[in-house]
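**Student:**
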Amino acid sequence: MSRTLTLLGATGSIGASTLDLVRRNRADWQVEALTANCSARELAALAREFAAKLAVVGDEGCLPELREALDGSGIESAGGAQALCEAAARPVDMTIAAIVGCAGLAPVMAAVERGGTIALANKEALVSAGEVLIAAVAEYGATLLPTDSEHNAIFQCLAGSNLDDVARITLTASGGPLRTWDADRLAAATPEEAVAHPNWSMGAKISVDSATMMNKGLEYIEAHHLFPVGLERLHIVIHPQSVIHSMVEYRDRSTLAQLGPSDMRVPIASCLAWPQRMETPLEPLNLPAIGELTFFAPDEDRFPATRLAREAIAAGGSAPATLNAANEVAVAAFLAGQIGFTRIAAVVEETLQSSNLPPRPQTLDEVLSVDRAGRRQAGHILEKQPVV
Ligand code: NDP
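Going by the working numbering, the first residue of the sequence shown is number 974, and it counts up by one from there.
(1) Tell me which residues share the same chain as D1344 and place their Cβ nearer than 7 Å to its Cβ, disregarding the 5 neighbours each side in the sequence.
(2) Do the CB positions of A1025 and A1061 come within less than 8 Å of each other?
(3) In angstroms, rounded to a whole number, what distance separates the CA positions of E1033 and C1011?
(4) Quick check: is any heavy atom of the ligand NDP less than 7 Å from the C-beta of K1189?
(5) Less than 8 Å between the beta carbons of L1199 and P1119, yes or no?
(6) Three or more C-beta pairs closer than 8 Å, one from the region 1097 to 1114 and one from the region 1223 to 1239: is that the case here?
(7) In terms of residues, what are the limits of the beta strand (DSSP E) holding G1052?
(8) So the alpha helix (DSSP H) P1261 belongs to, where does it begin and stop?
(9) For I1217, which beta-bridge partners are listed by DSSP?
(10) Would you call the CB atoms of V1320 and L1355 closer than 8 Å?
(11) Within 10 Å of its beta-carbon, does L994 have 16 or more other beta-carbons around it, so buried, or fewer, so exposed?
(12) Classify V1210 as helix, strand or coil using the three-state DSSP reduction.
(13) Below 8 Å on the Cβ atoms is my guess for I1286 versus V1304; work out the distance and round it to an integer in Å.
(14) Taking a contact to mean a Cβ-Cβ separation below 8 Å, would you say R1275 touches L1159 in this structure?
(15) With a Cβ-Cβ cutoff of 8 Å, do A1169 and P1150 count as a contact?
(16) Would you say the beta carbon of G988 is closer than 7 Å to some non-hydrogen atom of the ligand NDP?
(17) Could you tell me the boundaries of the beta strand (DSSP E) in which F1033 lies?
(18) Give me, in chain order, the residues of the same chain whose beta-carbon lies closer than 6 Å to that of M1187; leave out the 5 immediate sequence neighbours on both sides.
(19) From the DSSP output, in three-state form, read off L980 for me.
(20) CA-CA distance, T1315 and A1167?
(21) Pick out whichever of L1027, L1057, D1066, L1036 has its Cα sitting closest to the Cα of G1047.
(22) What is the residue span of the alpha helix (DSSP H) that I1142 lies within?
(23) Please report the distance separating the alpha-carbon of Q1003 from that of A983.
(24) Just checking M1237 against the ligand NDP - is the residue's beta carbon closer than 7 Å to any of the ligand's heavy atoms?
(25) Could you pull out every residue in the same chain whose Cβ sits closer than 6 Å to the Cβ of I1217, ignoring the five residues on either side in sequence?
(26) Out of curiosity, what's the CA-to-CA distance linking L1296 and R1348?
(27) Which residue wins for smallest C-alpha separation from L1325, given the options G1352, E1339, I1211?
(28) According to DSSP, is F1276 part of a helix, a strand, or is it coil?
(29) Check each candidate in Q1311, V1302, Q1358, V1202 and name the one with the smallest Cα separation from A1346.
(30) Using 10 angstroms around the beta-carbon of F1023, count the other beta-carbons present and answer buried if the total reaches 16, otherwise exposed.
(31) Helix, strand or coil: how does DSSP classify T1116 here?
(32) Compare the beta carbon distance of L978 and E1015 with 8 Å and say whether it is the shorter of the two.
(33) Please state whether the Cβ-Cβ distance between V1029 and A1056 is less than 8 Å.
(34) Distance, Cα to Cα, T1185 vs I1312?
(35) Taking just the CA atoms, how far does G1089 sit from A934?
(36) Just the C-alpha distance for R1021 and M1175, rounded to the nearest angstrom, thanks.
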């Protein structure tokens, strides 16, 4: 029997990987809604291909283009932030949350509030709204399936085990394309160099986050909320080959690791088929060809982002949402050529230090208000000291 699916962020990298799997298993899925921000033509083409019932652009200004591209198809269309939430609130068997950034938070919350099953790739939603989102999942009986490869790996290694038996969770990090660069070279890294990830093909924002290591910082916070074993039991190790996606060590010193190709279709397939398994078109792991797996401790002098994330989640309150907001602003400025690479983490740190951080947000509106304040503060910092 086919299942219904809504894909938030259909035109992105995770969206494409998801739709590739759906395309290969068309009889298993009926697409309810597909969303984008402003890639209206691309969204319309996908909506037609997958016979979606609804297509939504987050940017209302792009709705006329979407309408025109859908003309004669009979597919409903809508635009704006509220329309994204309404799309996410429609009843479906599975929601894939793959909007990038805190912009995805309100739609994720809408899916949670109808008690849905949500495959969560949009890590910024969990970083910003942590306790609020997890409390809503419990209150509305929703199910969150971790789609980020590391968290999906941990989810698989835990396989329902008692968290009290967990001695340590280790998130692996490739270290990104600039892992071996010295401080001077890092300061001069260009957006093209930062997004050229050696192992993964991803959207621009997460690619920059991987290069700064903020991606691992965000994932550390995400892991804290998904697998509440305590911060002292959460670790990060650099593993440049990206073959082991994360590990769980139990108190008897048995460590389980999940291995696989560095292709997001593996964790996405794990979520789509959960609690079963499904085929993917990927080649089996060829360990003799890979040869060796290596591991290093993170260097937080050259890549301070993981320290900032650890400090933010340890401080709690509104620090994680502020960290995320400042990072989104700084990454956008870097991609636009306005600031240097090493300035990204500096802007995040200055934002955290100079913000008058309110207490822990208790509601979605309070989280979004902290997010806006963090963006404003990061914007002021960029205006004061735009380049270095
Ligand atoms: P992309 O940039 O490739 O795609 C982002 C998607 O979100 C696009 O569909 C885009 O639409 C839409 N979007 C962007 N801004 C808005 C907005 N303001 N309102 C509504 N929709 C918006 O990102 P990725 O697919 O790489 O990443 C998506 C999420 O998944 C991120 O949170 C990322 O951290 C996470 N993730 C990604 C991985 C990857 O391999 N790519 C791995 C693990 C996690 P449009 O095309 O119109 O701009």
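Beta carbons are placed, not taken as given, at the ideal position from N, Cα and C, and that holds for glycine.
**Tutor:** In short:
(1) The residue you call residue 1344 lines up with position 371 of the sequence shown. Its chain contains C1075, S1101, A1294, A1298 as the residues whose beta carbon lies nearer than 7 Å to that of D1344, once the 5 sequence neighbours on both sides are disregarded; these appear in chain order.
(2) Working through the sequence shown from its first residue, we reach residue 1025 at position 52. Working through the sequence shown from its first residue, we reach residue 1061 at position 88. Not a contact, by the Cβ cut-off of 8 Å.
(3) Here residue 1033 is taken as the residue at index 60 of the sequence shown, counted from 1. Here residue 1011 is taken as the residue at index 38 of the sequence shown, counted from 1. Spanning the two alpha carbons is a distance of roughly 8 Å.
(4) Position 216 of the sequence shown, counted from the start, is the residue given in the question as residue 1189. No, Cβ of K1189 sits at least 7 Å from all heavy atoms of the ligand NDP.
(5) Stepping through the sequence shown from its first residue, residue 1199 is reached at position 226. Stepping through the sequence shown from its first residue, residue 1119 is reached at position 146. Yes, Cβ-Cβ distance for L1199 and P1119 is below 8 Å.
(6) no
(7) Taking the sequence shown and counting its residues from 1, the one referred to as residue 1052 is at position 79. Counting along the chain, the beta strand (DSSP E) containing G1052 begins and ends at 1049 to 1052.
(8) Stepping through the sequence shown from its first residue, residue 1261 is reached at position 288. Its alpha helix (DSSP H) spans residues 1260 to 1263.
(9) Taking the sequence shown and counting its residues from 1, the one referred to as residue 1217 is at position 244. Bridge partners of I1217: L1232.
(10) Within the sequence shown, the letter at position 347 stands for residue 1320. Within the sequence shown, the letter at position 382 stands for residue 1355. In contact: V1320 and L1355 (Cβ atoms closer than 8 Å).
(11) On the sequence shown, position 21 is the one that residue 994 refers to. When all chains shown are included, L994 counts as buried.
(12) In the sequence shown, the residue the question calls residue 1210 occupies position 237. It is a strand residue.
(13) Mapped onto the sequence shown, residue 1286 falls at position 313. Mapped onto the sequence shown, residue 1304 falls at position 331. About 19 Å; that fails the 8 Å criterion.
(14) Stepping through the sequence shown from its first residue, residue 1275 is reached at position 302. Stepping through the sequence shown from its first residue, residue 1159 is reached at position 186. Cβ atoms of R1275 and L1159: closer than 8 Å.
(15) By 1-based counting over the sequence shown, the position of residue 1169 is 196. By 1-based counting over the sequence shown, the position of residue 1150 is 177. Cβ distance < 8 Å, so A1169 and P1150 count as in contact.
(16) Locating residue 988 in the sequence shown gives position 15, counting from the first residue. Yes; taking the cut-off as 7 Å, the Cβ of G988 has a heavy atom of the ligand NDP nearer than that.
(17) Here residue 1033 refers to the residue found at position 60 when the sequence shown is read from its first residue. Here residue 1033 turns out to be Glu, not Phe, going by the sequence shown. Neither: E1033 is in no beta strand (DSSP E) and is coded neither H nor E.
(18) One-based indexing of the sequence shown puts residue 1187 at position 214. The residues are A1278, N1300.
(19) Position 7 of the sequence shown holds residue 980. Strand at L980.
(20) Here residue 1315 refers to the residue found at position 342 of the sequence shown. Here residue 1167 refers to the residue found at position 194 of the sequence shown. Looking at the two C-alpha atoms, the distance is approximately 11 Å.
(21) Taking the sequence shown and counting its residues from 1, the one referred to as residue 1047 is at position 74. Taking only the C-alpha atoms, the option nearest G1047 is L1027.
(22) Your numbering for residue 1142 matches position 169 in the sequence shown. Counting along the chain, I1142 falls outside any alpha helix (DSSP H), though it belongs to the beta strand (DSSP E) covering 1139 to 1146.
(23) Sequence index remark: in the sequence shown, residue 1003 carries index 30 (1-based). Sequence index remark: in the sequence shown, residue 983 carries index 10 (1-based). Computed Cα separation, rounded: 15 Å.
(24) Along the sequence shown, one-based indexing puts residue 1237 at 264. Result yes, Cβ under 7 Å from the ligand NDP.
(25) By one-based count along the sequence shown, residue 1217 stands at place 244. If we look at I1217 and ignore the five residues flanking it on each side, its Cβ neighbours are T1145, A1230, L1232.
(26) On the sequence shown, residue 1296 is found 323 positions in, with the first residue counted as 1. On the sequence shown, residue 1348 is found 375 positions in, with the first residue counted as 1. Rounded to whole angstroms, the gap between the alpha carbons of L1296 and R1348 is 9 Å.
(27) Taking the first residue of the sequence shown as position 1, residue 1325 is located at position 352. Taking only the C-alpha atoms, the option nearest L1325 is G1352.
(28) Start at 1 with the first residue of the sequence shown, and residue 1276 comes out as number 303. Look at F1276 here: in three-state DSSP terms it is coil, with no helix or strand label.
(29) Within the sequence shown, the letter at position 373 stands for residue 1346. Nearest option by C-alpha distance: V1302.
(30) Taking the first residue of the sequence shown as 1, we reach residue 1023 at position 50. Counting Cβ neighbours within 10 Å, F1023 comes out buried, since at least 16 surround it.
(31) Here residue 1116 refers to the residue found at position 143 when the sequence shown is read from its first residue. Strand at T1116.
(32) Translated into positions along the sequence shown, residue 978 becomes position 5. Translated into positions along the sequence shown, residue 1015 becomes position 42. Cβ atoms of L978 and E1015: not closer than 8 Å.
(33) Your numbering for residue 1029 matches position 56 in the sequence shown. Your numbering for residue 1056 matches position 83 in the sequence shown. Contact: yes.
(34) The residue given as residue 1185 occupies position 212 in the sequence shown. The residue given as residue 1312 occupies position 339 in the sequence shown. Cα to Cα, T1185 sits roughly 14 Å from I1312.
(35) What the structure shows of the chain is the stretch from 974 to 1361, and residue 934 is not part of that stretch, so it cannot be assessed.
(36) Numbered from its first residue, the sequence shown carries residue 1021 at position 48. Numbered from its first residue, the sequence shown carries residue 1175 at position 202. When rounded, the distance between both Cα atoms is 24 Å.
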